[in-house]
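If you read the sequence shown in the numbering used here, its first letter stands for residue 3, the second for the next number, and so on. Take a look at the structure below.
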Amino acid sequence: MERIVLFLVSFLASSLGSAVGVGGGIIIKPVLDALSIFPAETISFLSGTTVCAMSGFSLFCMRKEENCAKKKTTIFLAAGAVLGGIAGKRIMDLALCWFSGWGPGNSDNMLVLPQSCLQLAVNTAVFLYIRKKSQIQSVNIKSLMVCLGLGLGMGLISSFLGIGGGAYNVAVLYYFFSMNSREAGRNSLYIIFCSQLASAAGFIFCKNIPEYPPAVLGLLIAGALSGGYLGSKAAGRLSHKKLEQVFSGFMVLIILLNLYNMIHFSFSV
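Put into structure tokens, the structure is as follows:
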């Protein structure tokens with residue numbers, strides 16, 4: 003039963019996430035945190051690897067559709083996301099080591115609590131921005147170094163949180179590059195793929211891949227690929243207005259999950 007639930011969570015999260023360009027980790031990570039099935043580092047690895055597979059597959063499925071990527075902008079955002087992905091993985095390792103010194107068994111809860119608080123703050127800000135987006139004048143960044151810096155920041159946060167990036171990627175692309183929902187979604191998937199690939203490589207090269215049942219990762223990836231395929235096809239059929247409505251509903255669900263985890267782990271520390 004537990005494995006069926008994991009597959010369904012991955013499938014539904016990736017279907018919605020792929021459609022609006024936020025990946026599936028933004029739901030998969032807090033759900034796994036709430037279920038407390040695995041340690042925090044294992045959850046970050048499983049979530050990040052699943053999101054990497056989903057985003058890569060979604061981009062492959064979209065390859066014949068209208069190209070929404072701005073080549074130079076996307077390349078520098080992705081390069082920054084790779085550097086940020088490596089840095090975020092390192093920060094997470096340091097945080098786990100630091101929290102482990104506070105007492106046995108506390109490190110997981112003490113890592114998930116700030117992760118949940120940060121997710122709640124960021125996702126609430128993104129939701130409010132999307133609701134008021136029509137009243138906020140966006141800009142159109144041309145500097146490639148600024149693109150690199152923004153990619154670095156997005157990759158760092160997404161890797162540390164193990165969620166892929168998702169919602170705030172889209173918000174950043176809306177505001178700083180004046181992209182529409184489809185352009186932002188496609189570019190967000192590029193950034194997610196690059197940052198999570200770098201994070202996964204960090205686990206491999208540092209030889210600290212956490213232990214987990216292989217079948218669990220297989221189910222999560224299977225759910226993510228099938229959901230990513232469905233979501234990428236749906237994205238091409240929805241209008242910009244519908245995509246933004248789906249995105250807003252998606253954010254409400256995420257905020258509620260983040261709020262639950264923040265309260266739950268506040269009492270567990």
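Backbone N, C-alpha and C fix where the C-beta goes; we use that ideal spot for every residue, glycine too.
Can you grab the Cα-Cα spacing for the pair residue i / residue j, in whole Å?
i, j, result
"Asn125", "Ala15", "16 Å"
"Cys119", "Arg133", "21 Å"
"Arg65", "Trp100", "43 Å"
"Thr51", "Leu240", "28 Å"
"Pro32", "Thr44", "13 Å"
"Leu61", "His266", "36 Å"
"Phe9", "Phe162", "24 Å"
"Ile211", "Ser228", "25 Å"
"Lys243", "Arg188", "16 Å"
"Ser180", "Ala236", "23 Å"
"Phe13", "Gly233", "10 Å"
"Val254", "Leu130", "10 Å"
"Pro41", "Val7", "18 Å"
"Leu245", "Phe178", "19 Å"
"Ser183", "Ile143", "17 Å"
"Gln247", "Val11", "21 Å"
"Ala268", "Lys73", "In the sequence as presented, Ala is not what sits at residue 268; that position holds Ser. Their Cα atoms are separated by approximately 43 Å."
"Leu219", "Ile206", "15 Å"
"Leu221", "Gln137", "42 Å"
"Ile256", "Leu98", "24 Å"
If you reduce the DSSP assignment to three classes, tell me which class residue i lands in.
i, result
"Arg5", "helix"
"Ile93", "helix"
"Gln117", "helix"
"Glu43", "helix"
"Ile143", "coil"
"Tyr176", "helix"
"Glu185", "helix"
"Ile138", "coil"
"Leu240", "coil"
"Asn263", "helix"
"Ile211", "coil"
"Ser38", "coil"
"Gly230", "helix"
"Arg133", "helix"
"Gly151", "helix"
"Met112", "helix"
"Gly82", "helix"
"Met64", "coil"
With a CB to CB cut of under 6 Å and the five nearest residues on each side skipped, what residues in its chain are close to residue i?
i, result
"Leu18", "Phe252"
"Met56", "Ser16, Gly26, Ala226 and Gly230"
"Tyr170", "Val124 and Val128"
"Ile29", "Ala15"
"Thr75", "Cys149"
"Leu146", "Phe78"
"Asn263", "Pro32, Asp35, Ala36 and Ser118"
"Leu191", "Gly23, Ser57, Ser60 and Leu61"
"Ile158", "Checking the displayed sequence, the identity of residue 158 turns out to be Leu instead of Ile. Within the same chain, Leu158 has close Cβ partners Gly86, Ala89 and Gly90."
"Ile93", "Phe162"
"Ser49", "Gly27, Ile30, Lys31 and Gly164"
"Ser20", "Ser60, Gly230, Gly233 and Ser234"
"Gly204", "Ile88 and Lys91"
"Ser140", "Tyr177 and Ser180"
"Cys63", "Tyr231 and Ser234"
Quick one: what's got a C-beta closer than 7 Å to residue i's C-beta in the same chain, skipping five residues either side?
i, result
"Lys135", "Tyr176"
"Ala224", "Phe9"
"Cys54", "Phe195, Gln198, Leu199 and Ala202"
"Leu96", "none"
"Phe47", "Phe205, Ile211 and Pro212"
"Leu113", "Ala42, Ala97, Leu98 and Phe101"
Please go through the same chain and pick out, in chain order, the residues whose beta-carbon is closer than 8 Å to the beta-carbon of residue i, but skip the five residues on each side of it.
i, result
"Ala217", "Arg5"
"Val174", "Leu152 and Met156"
"Glu213", "Thr44"
Using 6 Å as the cut-off, classify the Cβ of residue i as near or not near the heavy atoms of the ligand FAD, replying yes or no.
i, result
"Pro216", "No copy of the ligand FAD appears in this structure; indeed no ligand is present at all."
Should residue i be flagged as near chain D, meaning a C-beta pair shorter than 7 Å?
i, result
"Lys244", "Of the chains in the structure shown, none is chain D; there is only one protein chain."
- Query: Is the stretch 81-94 touching the stretch 149-157, taking contact as three or more C-beta pairs under 8 Å?
  - Reply: Yes, the stretch 81-94 touches the stretch 149-157.
- Taking contact to mean at least 3 C-beta pairs separated by less than 8 Å, is the stretch 196-212 in contact with the stretch 86-94? With the cut-off at 8 Å, the stretch 196-212 and the stretch 86-94 touch.
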